[in-house]
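Visitor:
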Amino acid sequence: MPVDRSTDQQPGDPEGQDGNPQDSRTRLTGTTEFGRRTFVSTAALAGGVVAAGGITAAPAAGAERAGAAGTATDLALTVNGELRRLRVDNRTSLLDLLRERLGLPGTKKGCDQGACGACTVLVDDLRVNACLTLAVQCESAKVTTIEGVADGEQLHPLQKAFVERDAFQCGYCTPGQIMSGIGCIREGHTGTPEEIREWMSGNICRCGCYVNIVAAVQDAAHGK
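Letter by letter, the sequence shown follows residues 0 to 223 in numbering that gives the first Met the number 0.
This is how it looks when you write it as structure tokens:
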């Protein structure tokens, strides 16, 4: 006999035969009817309950951007001897502030994870990775970048030493190497080539100019 599929009723359904609601579906679900239509509507309702009960859905992209727009701080810092005041998003890195907001592209974005040293700058005369430093952490600080180490047309001694020692090829890592070298000299870690290598180990040169870089730092440290 052909099965009538026009409803959710299946042949042999006790509810269809004698109105007894306690069939297998009822025992499992605790309801008197659990057809396909009921399942769909119940699933939709459950989804709404879960969302309301503590599982937080991701906000819409527009809402996220609107919330982020209000998370900013007024910042004042001295960059290369010039006082700069501006409002920044609290998530802005010092690297992005220097490059994108202040127009100082000498500080390079390499790995953006603090591993290569291309973004090294001095904050209150201490070496930092600008990509790992939040701009808001530099409130009232003195920041020095590669653009600020020369005295007008007069190069910094370490810049001169890099030129004389041919301590670069592509030059991408050079600003970070020089800033790190200046910090290394100020910290007094230039007693031997081995000490310089140890204290400059956070700066990577993919061109492999390490020997010349160490020699340049030595020259600048000893006034050569």
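Even glycine gets a Cβ: it sits at the ideal position worked out from N, Cα and C. Keep in mind the model is a prediction, meaning the values are calculated, not measured.
Compare the Cα-Cα distances from Ala140 to each of Arg126, Arg90, Gly116 and report the closest residue.
Guide: As a first step, residue 140 must be located in the sequence shown, where it is residue number 141. Nearest option by C-alpha distance: Arg126.
Visitor: Using only the alpha-carbon positions, how far apart do Lys108 and Ile203 sit?
Guide: Locating residue 108 in the sequence shown gives position 109, where the first residue counts as 1. Locating residue 203 in the sequence shown gives position 204, where the first residue counts as 1. So the alpha carbons of these two residues sit roughly 13 Å apart.
Visitor: For Thr119, which three-state DSSP category applies?
Guide: Mapped onto the sequence shown, residue 119 falls at position 120. Strand at Thr119.
Visitor: Would you decide whether Gly116 is buried or exposed? Buried here means 16 or more other CB atoms lie within 10 Å of its CB.
Guide: For the purposes of this step, residue 116 is taken as the residue at position 117 of the sequence shown. Taking a 10 Å sphere around the C-beta of Gly116, we find 16 or more other C-beta atoms and assign the residue as buried.
Visitor: Would a C-beta distance cut-off of 8 Å place Cys137 and Leu93 closer than the cut-off?
Guide: Indexing the sequence shown from 1 puts residue 137 at position 138. Indexing the sequence shown from 1 puts residue 93 at position 94. Yes, these two residues count as a Cβ contact at 8 Å.
Visitor: Going by C-alpha distance, which of Ala134, Gly113, Val142, Val135 is nearest Asn128?
Guide: Within the sequence shown, numbered from 1, the residue matching residue 128 stands at position 129. The option with the nearest alpha carbon to Asn128 is Gly113.
Visitor: Does DSSP classify Asn211 as helix, strand or coil?
Guide: Counting from 1 along the sequence shown, the entry for residue 211 is found at position 212. Three-state result, Asn211: helix.
Visitor: Just how far apart, CA to CA, sit Asp218 and Glu197?
Guide: The residue labelled residue 218 in the question sits at position 219 within the sequence shown. The residue labelled residue 197 in the question sits at position 198 within the sequence shown. The alpha-carbon atoms of Asp218 and Glu197 are separated by roughly 17 Å.
Visitor: Straight-line CA distance for Asp165 to Asp88?
Guide: The sequence position of residue 165 within the sequence shown is 166, counting from 1. The sequence position of residue 88 within the sequence shown is 89, counting from 1. Between Asp165 and Asp88, the C-alpha separation is close to 40 Å.
Visitor: Give me the residue from Thr173, His188, Thr189, Val216 with the minimum Cα distance to Cys206.
Guide: The residue labelled residue 206 in the question sits at position 207 within the sequence shown. Minimum Cα distance to Cys206 is reached at Thr173.
Visitor: Given a threshold of 16 other Cβ atoms within 10 Å of its Cβ, counted over all protein chains shown, does Arg90 qualify as buried or as exposed?
Guide: Your numbering for residue 90 matches position 91 in the sequence shown. Arg90 should be labelled exposed.
Visitor: If you drop the 5 nearest sequence neighbours on each side, which residues of the same chain put their C-beta closer than 7 Å to that of Gly105?
Guide: Counting from 1 along the sequence shown, the entry for residue 105 is found at position 106. Thr144, Ile145, Glu146, Pro174.
Visitor: By the DSSP assignment, the beta strand (DSSP E) with Arg126 in it spans what residues?
Guide: Taking the sequence shown and counting its residues from 1, the one referred to as residue 126 is at position 127. Looking at the DSSP string, the run of the beta strand (DSSP E) that includes Arg126 is 125 to 128.
Visitor: Which partner residues does Asp73 have in the DSSP bridge list?
Guide: Counting from one through the sequence shown, the residue named residue 73 turns up at place 74. DSSP, once it has assigned bridges, lists Arg86 as partnering Asp73.
Visitor: Using the C-alpha atoms, what's the distance from Asn79 back to Gly222?
Guide: For the purposes of this step, residue 222 is taken as the residue at position 223 of the sequence shown. For the purposes of this step, residue 79 is taken as the residue at position 80 of the sequence shown. About 24 Å.
Visitor: Going along the chain, which unbroken runs of the beta strand (DSSP E) with 3 or more residues stay wholly within the segment 105 to 193?
Guide: 119 to 122, 125 to 128, 141 to 143
Visitor: Label Cys169 either buried or exposed according to how many other C-beta atoms from any shown protein chain fall within 10 Å of its C-beta, with 16 as the threshold for buried.
Guide: For the purposes of this step, residue 169 is taken as the residue at position 170 of the sequence shown. Its Cβ having fewer than 16 others within 10 Å, Cys169 is exposed.
Visitor: Sorted by chain position, which residues of the same chain lie with C-beta nearer than 6 Å to Arg100's C-beta, five sequence neighbours on each side aside?
Guide: Here residue 100 refers to the residue found at position 101 when the sequence shown is read from its first residue. Excluding positions up to five away in sequence, the list is empty.
Visitor: If you drop the 5 nearest sequence neighbours on each side, which residues of the same chain put their C-beta closer than 7 Å to that of Asp111?
Guide: Along the sequence shown, read from residue 1 onward, the residue named residue 111 stands at position 112. The answer, listed in chain order, is Cys130.
Visitor: On the premise that Met178 lies in contact with Val120, defined as a C-beta separation below 8 Å, what is that separation, rounded to the nearest angstrom?
Guide: Reading the sequence shown from its first residue, position 121 is the one you call residue 120. Reading the sequence shown from its first residue, position 179 is the one you call residue 178. The Cβ separation is near 6 Å, so the contact holds.
Visitor: For Arg98, is the classification buried or exposed, using 16 other Cβ atoms within 10 angstroms of its Cβ as the cut-off for buried?
Guide: The residue labelled residue 98 in the question sits at position 99 within the sequence shown. Buried is the call here.
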